[in-house]
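> I have a structure here, written as structure tokens, and I will follow up with some questions on it.
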Amino acid sequence: MNPENTAPEPAEAPPTGAGPAAAGLTAAALARARRRASLVRFWQRYRDRRGGLIGLAGLSLLAIVALCAPLIVGAGVQRVTDAPGTALEPPSARFPLGTDQFGRPLLSLLIWGSRISLTVGLLAAALSVAIGTLVGVLAGHYGGWFATVVMRVTDWFLVMPTLVLAIVLATVMSRSIWTVILAIGVTSWPTTARLVRAQTIAVESRPYIERARALGGGHRHIMTRHVLPNVLPLVLAQTTLGISAAILTEATLAFLGLGDPVVVSWGGMLQDAREAGAVSSGHWWYLAPPGLAIACVALAFTLCGRAVESVLNPRRVVSR
């Protein structure tokens, strides 16, 4: 037989399932590449905001100090019996910020209190945004009488002062840090709900949502796969702004004596200073540190939130 006329042997067929698996790996790698590119674009735009960088640097430093507080000052700083100084000592080389009415160093209390204030702010804001996002997406998606009822309840919470509702909840429940988180979270969600509902309605008016419905996409598929990813940037910006408000509300509740009496927080330090008569006696070093710390943290979160909002809002982002 002439070897030139011999038909070539067919190539060995790939094992069953190799094609779909390879395609799946390629799709996953493509999705990861897109996410990395999105993060890179986000950071490139974020670092152009000087205020956002200043706020991020301040929050990063505070987070490191709060995490390392047990190593820096030790857990014994909360115990009154272990106070190393005398009551209400002014700032000195030994105590840079002075002491409280029990002789505890205010600098150590300030460092330890950052853990509670940041924890309350983060968890309360997360709870508030979670409730607001759920209510907003459901109301915007279903509409009709359901949205009317839900939004009237939202309006009732919106017109009621958040601080008053939080005080009522903190009064009727046991005094603990979790009560404060719950009181702030369940009273500060209406603003997020209205914003998310408006964004949900805008997203569902786009043509690809109609195509998804025509192809058989159900309510859960549309809300989780199409609506929620489009409202997450708004939710992220609202979270950063809500943390500062939660920290201020926690400080107010603690100042009013509604916080956890067994933990050290910045609001609790202000309450102790008031009870010790620091205002009338002129002990300014007892009032200034926690007050300035609350103001600086609230400002840092606000700067970060405004920067994130300007990056994620297409109407405010200047294209390069």
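Residue numbers (my numbering): 69 to 388. Beta carbons: idealized from backbone N, C-alpha and C, even for Gly. Because the structure is a prediction, the values reported are computed rather than measured.
(1) Please determine, among G153, S348 and G181, the residue with the shortest C-alpha to C-alpha distance to P358.
(2) Measure the C-alpha to C-alpha separation of A161 and P329 and round it to an integer number of angstroms.
(3) State the Cα-Cα distance for the pair V217 and I290, rounded to the nearest angstrom.
(4) Hey, out of S378, T317, E278 and G350, whose CA is closest to G336's CA?
(5) Evaluate contact between the segment 293-304 and the segment 140-157, counting only Cβ atoms and requiring at least three cross-stretch pairs below 8 Å.
(6) In whole angstroms, give me the CA-to-CA distance for S176 and L321.
(7) In this structure, how does DSSP classify P173 when only helix, strand and coil are distinguished?
(8) I need the DSSP call for A255, collapsed to helix, strand or coil.
(9) Quick one, are the C-beta atoms of I245 and I184 less than 8 Å apart?
(10) Which term fits V108, buried or exposed, when burial requires 16 or more other beta carbons within 10 angstroms of its beta carbon?
(11) Looking at C364 and G120, is the spacing between their C-beta atoms short of 8 Å?
(12) Should S312 be labelled buried (16 or more other beta-carbon atoms within 10 Å of its own) or exposed?
(13) Does the beta-carbon distance from A251 to A266 come in below 8 Å?
(14) State the DSSP-derived secondary structure class of T167, mapped to helix, strand or coil.
(15) Would V145 pass as a contact of F170 if the rule is Cβ separation under 8 Å?
(16) Going by CA-CA distance only, name the one from W224, S273 and R274 that's closest to T259.
(17) Return the Cβ separation of W257 and G327 in integer angstroms, given the expectation that the two are a contact with Cβ distance under 8 Å.
(18) What separation, rounded to the nearest whole angstrom, lies between the Cα atoms of V254 and R104?
(19) Roughly how far, in whole angstroms, is the beta-carbon of L174 from the beta-carbon of L165, given that I think they are within contact range, below 8 Å?
(20) Give me, in chain order, the residues of the same chain whose beta-carbon lies closer than 6 Å to that of G208; leave out the 5 immediate sequence neighbours on both sides.
(21) Which runs of the beta strand (DSSP E) spanning at least 3 residues fall entirely within the segment 194-223, listed in chain order?
(22) Which class does R374 belong to by DSSP, given the choice of helix, strand or coil?
(23) Note down, in chain order, each residue of its chain lying with its Cβ closer than 6 Å to the Cβ of T222, except the 5 sequence neighbours on either side.
Result, derived from the coordinates:
(1) The residue you call residue 358 lines up with position 290 of the sequence shown. The option with the nearest alpha carbon to P358 is G181.
(2) Translated into the one-based positions of the sequence shown, residue 161 becomes position 93. Translated into the one-based positions of the sequence shown, residue 329 becomes position 261. Rounded to the nearest angstrom, the two C-alpha atoms are 30 Å apart.
(3) Counting from one through the sequence shown, the residue named residue 217 turns up at place 149. Counting from one through the sequence shown, the residue named residue 290 turns up at place 222. When rounded, the distance between both Cα atoms is 22 Å.
(4) Here residue 336 is taken as the residue at index 268 of the sequence shown, counted from 1. Residue T317 is the option with its Cα nearest to G336.
(5) Flag = no, the segment 293-304 and the segment 140-157 do not touch.
(6) For the purposes of this step, residue 176 is taken as residue 108 along the sequence shown, with counting starting at 1. For the purposes of this step, residue 321 is taken as residue 253 along the sequence shown, with counting starting at 1. If I take the Cα positions, the gap works out to 22 Å.
(7) Here residue 173 corresponds to residue number 105 of the sequence shown, with the count starting at 1. DSSP places P173 in strand when its eight states are reduced to three.
(8) The sequence position of residue 255 within the sequence shown is 187, counting from 1. The amino acid at residue 255 is misidentified as Ala; the sequence shows Thr. Looking at T255 - three-state DSSP - the assignment turns out to be coil, as it is neither helix nor strand.
(9) Locating residue 245 in the sequence shown gives position 177, where the first residue counts as 1. Locating residue 184 in the sequence shown gives position 116, where the first residue counts as 1. Closer than 8 Å, so yes.
(10) As a first step, residue 108 is located in the sequence shown; it is residue number 40 there, counting from the start. That one is exposed.
(11) Within the sequence shown, the letter at position 52 stands for residue 120. Within the sequence shown, the letter at position 296 stands for residue 364. The answer is no: Cβ separation not under 8 Å.
(12) The sequence position of residue 312 within the sequence shown is 244, counting from 1. S312 is buried by the Cβ-count criterion.
(13) Here residue 251 corresponds to residue number 183 of the sequence shown, with the count starting at 1. Here residue 266 corresponds to residue number 198 of the sequence shown, with the count starting at 1. 8 Å or more divides the Cβ of A251 from the Cβ of A266.
(14) In the sequence shown, the residue the question calls residue 167 occupies position 99. If DSSP states are grouped into helix, strand and coil, T167 belongs with the strands.
(15) Here residue 145 is taken as the residue at index 77 of the sequence shown, counted from 1. Here residue 170 is taken as the residue at index 102 of the sequence shown, counted from 1. No, they are not a contact pair.
(16) Within the sequence shown, numbered from 1, the residue matching residue 259 stands at position 191. Nearest to T259 by alpha-carbon distance, out of W224, S273 and R274, is W224.
(17) For the purposes of this step, residue 257 is taken as the residue at position 189 of the sequence shown. For the purposes of this step, residue 327 is taken as the residue at position 259 of the sequence shown. Between the beta-carbon of W257 and that of G327 there is about 21 Å, and that puts the pair past the 8 Å contact cut.
(18) As a working mapping, residue 254 is identified with position 186 in the sequence shown. As a working mapping, residue 104 is identified with position 36 in the sequence shown. Rounded to the nearest angstrom, the gap between the Cα atoms of V254 and R104 is 35 Å.
(19) Counting from one through the sequence shown, the residue named residue 174 turns up at place 106. Counting from one through the sequence shown, the residue named residue 165 turns up at place 97. Their Cβ separation, rounded to whole angstroms, is 4 Å, which keeps L174 and L165 in contact under 8 Å.
(20) As a position in the sequence shown, residue 208 is number 140, starting the count at 1. Once the five neighbours on either side are set aside, the close Cβ partners of G208 are R265, T268 and I269.
(21) Within the segment 194-223, not a single complete beta strand (DSSP E) segment reaches 3 residues in length.
(22) Residue numbering aside, residue 374 sits at position 306 when the sequence shown is read from its first letter. In the three-state scheme derived from DSSP, where H, G and I count as helix and E and B as strand, R374 is classed as helix.
(23) In the sequence shown, residue 222 corresponds to position 154, counting from 1. Hits under 6 Å: P258 and A261.
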